[in-house]
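Have a look at the structure below, then the notes.
There are 2 protein chains.
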Amino acid sequence: MNATPPAKRPGGRSARIRDDVHEAVLDLLHSDGWGEITIAMIAEHSGVHQATIYRRWGSVPGLLDDVVTSRLLTTPMPDTGTLRGDLETFAARVAESVGSPVGSMYLRATLLASKNAGEAHEYGFLVDRGLEIQAMLDRAEKRGERVPRFLQLFEIVLIPIYFHGMFFAAVGPDHTKTLVDRLIRIVEGVEPEPMDGYSRTFAEHFNAGNGYLGSDKDQSSRKMS
Amino acid sequence: MNATPPAKRPGGRSARIRDDVHEAVLDLLHSDGWGEITIAMIAEHSGVHQATIYRRWGSVPGLLDDVVTSRLLTTPMPDTGTLRGDLETFAARVAESVGSPVGSMYLRATLLASKNAGEAHEYGFLVDRGLEIQAMLDRAEKRGERVPRFLQLFEIVLIPIYFHGMFFAAVGPDHTKTLVDRLIRIVEGVEPEPMDGYSRTFAEHFNAGNGYLGSDKDQSSRKMS
DNA sequence: CGCTTAATGCAACAGGGATCGCGTTAATAT
DNA sequence: ATATTAACGCGATCCCTGTTGCATTAAGCG
Numbered sequence: 005m006n007a008t009p010p011a012k013r014p015g016g017r018s019a020r021i022r023d024d025v026h027e028a029v030l031d032l033l034h035s036d037g038w039g040e041i042t043i044a045m046i047a048e049h050s051g052v053h054q055a056t057i058y059r060r061w062g063s064v065p066g067l068l069d070d071v072v073t074s075r076l077l078t079t080p081m082p083d084t085g086t087l088r089g090d091l092e093t094f095a096a097r098v099a100e101s102v103g104s105p106v107g108s109m110y111l112r113a114t115l116l117a118s119k120n121a122g123e124a125h126e127y128g129f130l131v132d133r134g135l136e137i138q139a140m141l142d143r144a145e146k147r148g149e150r151v152p153r154f155l156q157l158f159e160i161v162l163i164p165i166y167f168h169g170m171f172f173a174a175v176g177p178d179h180t181k182t183l184v185d186r187l188i189r190i191v192e193g194v195e196p197e198p199m200d201g202y203s204r205t206f207a208e209h210f211n212a213g214n215g216y217l218g219s220d221k222d223q224s225s226r227k228m229s
Numbered sequence: 005m006n007a008t009p010p011a012k013r014p015g016g017r018s019a020r021i022r023d024d025v026h027e028a029v030l031d032l033l034h035s036d037g038w039g040e041i042t043i044a045m046i047a048e049h050s051g052v053h054q055a056t057i058y059r060r061w062g063s064v065p066g067l068l069d070d071v072v073t074s075r076l077l078t079t080p081m082p083d084t085g086t087l088r089g090d091l092e093t094f095a096a097r098v099a100e101s102v103g104s105p106v107g108s109m110y111l112r113a114t115l116l117a118s119k120n121a122g123e124a125h126e127y128g129f130l131v132d133r134g135l136e137i138q139a140m141l142d143r144a145e146k147r148g149e150r151v152p153r154f155l156q157l158f159e160i161v162l163i164p165i166y167f168h169g170m171f172f173a174a175v176g177p178d179h180t181k182t183l184v185d186r187l188i189r190i191v192e193g194v195e196p197e198p199m200d201g202y203s204r205t206f207a208e209h210f211n212a213g214n215g216y217l218g219s220d221k222d223q224s225s226r227k228m229s
């Protein structure tokens, strides 16, 4: 699953280089914002030779996968005692990381690589996360709560967060709450979803919210008639 | 909005070349399946020189945008008399085009271009479609039906279709019906969503359905523990 | 400490994407 | 029909991504 298979000599120098490269990646993603990240840039900024990076990680997606799994996604899944609580903190966390340059970059890199020429890039941490999420659901079910299927959770809460974050901008915690609320309503079947936070028409929505989705990031004016 | 600005000499030869290139793109997308599309390939397959293609369209995303807007998205929005009917046929159509190589390719190309270096690729036809969708909703509301907000429709029905289609496989008409049904349930507030079609756990879901989402396209075996 | 060899540095090179200058063709206007 | 010039074809060329062979460094091990 990891980009660096069990190394035979992971000690001092290799570890140092690994750290240098990782840090360079994070630096670049932080400074350059959303610009493209090339291996040449990483090589120069870290002082590690290109060839080394190509040999160890192969490609930018592979390197990003390593960075993400080894540094960013180490926080354990929430366990607040209620499914709603778990989902809300988890969704907020996902939204935050997907909205950041690192997360957005990673998702786009891995997903774009996914359908490309044969070499089906492993979905890496996505599978791990899936298992952890399932454990979270299982806990809730064991407590006696009504729980959604995984695909429901994925479609109703996670996919919108991913989509917003990748294409437009990070979604705020208020909206993640709305998504979680929607999921729970669906599972429990209560009264219809309130429409307070929603623009009435597409035009309003598009113009007011900046961008295609009503999120709150500035995005050079693009009105329509 | 269009990739080719109002040409000063759009007649005979230019039009012929434009058609040749468009047809080559469609041919390649049909035959090569999901493989990468390069301008070199298009040039060879169409008999038009690379330099010409670069000059007129600039890049693959630009060319795809032109192809899509001028050839593929000309079918009018459905008007069946009920919101559910409209949504179901529309969703099925979207799923089909997004699942096809052309649609998938286009979406992924725009995705790549969207947040990349400055040149904010226009979302092109997406805005047009948004307005048409809104008109569909307006018609339904005028008939007295309870209608969702645009963002709800977008998040609950369209985004999942896009996401599935772009990164995994096309969703079948059965699942699009599920999505539409979900939306209408949310707006009208009825009993909880049935869970028949959903795998029980993430592992089941992942292994059985092939790929991360339970869709029905073969995808080289990738089991997990 | 000394030996083995994994891992890195270095430079040269292949390959492809994209651009440019210039000659040629043909669309448009008169 | 003729002139004008937009648009195309062609080849050379640049630049960037990624690879490879070989020398050098240092990690792991006795």
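So the protein lines, in turn, are chains A and B. Start counting the first sequence at 5; every next residue gets the next number (the working numbering). Start counting the second sequence at 5; every next residue gets the next number (the working numbering). Note that CB positions come from ideal geometry on N, CA and C, so glycine has one too.
Three-way DSSP call (helix, strand, coil) for residue i in this model
| i | result |
| --- | --- |
| R204/A | coil |
| V106/A | helix |
| D70/B | helix |
| H53/B | coil |
| P65/A | helix |
| M45/A | helix |
| V191/B | helix |
| T114/B | helix |
| G39/A | coil |
| T79/B | coil |
| E197/A | coil |
| K12/B | coil |
| H209/B | helix |
Inter-residue CB distance, residue i and residue j (contact presumed, cutoff 8 Å)
| i | j | result |
| --- | --- | --- |
| V29/A | L76/A | So it is not a contact: roughly 11 Å between Cβ atoms. |
| V184/A | R88/A | 6 Å |
| I21/A | V52/A | 5 Å |
| M109/A | L157/A | Not confirmed; about 24 Å, so no contact. |
| F154/A | F154/B | Not confirmed; about 27 Å, so no contact. |
| T180/A | A96/A | 5 Å |
| D24/A | S50/A | 5 Å |
Start-to-end residues for the alpha helix (DSSP H) that takes in residue i
| i | result |
| --- | --- |
| G85/B | Per DSSP, G85/B belongs to no alpha helix (DSSP H) and is neither H nor E. |
| E27/A | G16 to S35 |
Proximity test, residue i beta-carbon vs the ligand PLP heavy atom, cut-off 7 Å
| i | result |
| --- | --- |
| G148/A | This structure lacks the ligand PLP; in fact it carries no ligand of any kind. |
- beta strand (DSSP E) runs wholly inside the segment 129-182 of chain A, at least 3 long, in chain order: none
- Query: How about the segment 50-59 of chain B and the segment 87-104 of chain B: do they share at least three Cβ pairs that are nearer than 8 Å?
  - Reply: no
- Item | Segment contact, 8 Å Cβ cut-off, at least three pairs: the segment 146-166 of chain A with the segment 60-72 of chain A | no
- For the 8 Å Cβ check, are there 3 or more pairs between the segment 80-87 of chain B and the segment 131-147 of chain B? yes
- Does the segment 64-71 of chain A come within contact of the segment 40-48 of chain A, defined as at least 3 CB pairs closer than 8 Å? yes
- Given 8 Å, three or more beta-carbon pairs between the segment 171-187 of chain B and the segment 96-103 of chain A: no
- Is there contact here, the segment 189-198 of chain A with the segment 189-198 of chain B, by at least three beta-carbon pairs under 8 Å? yes
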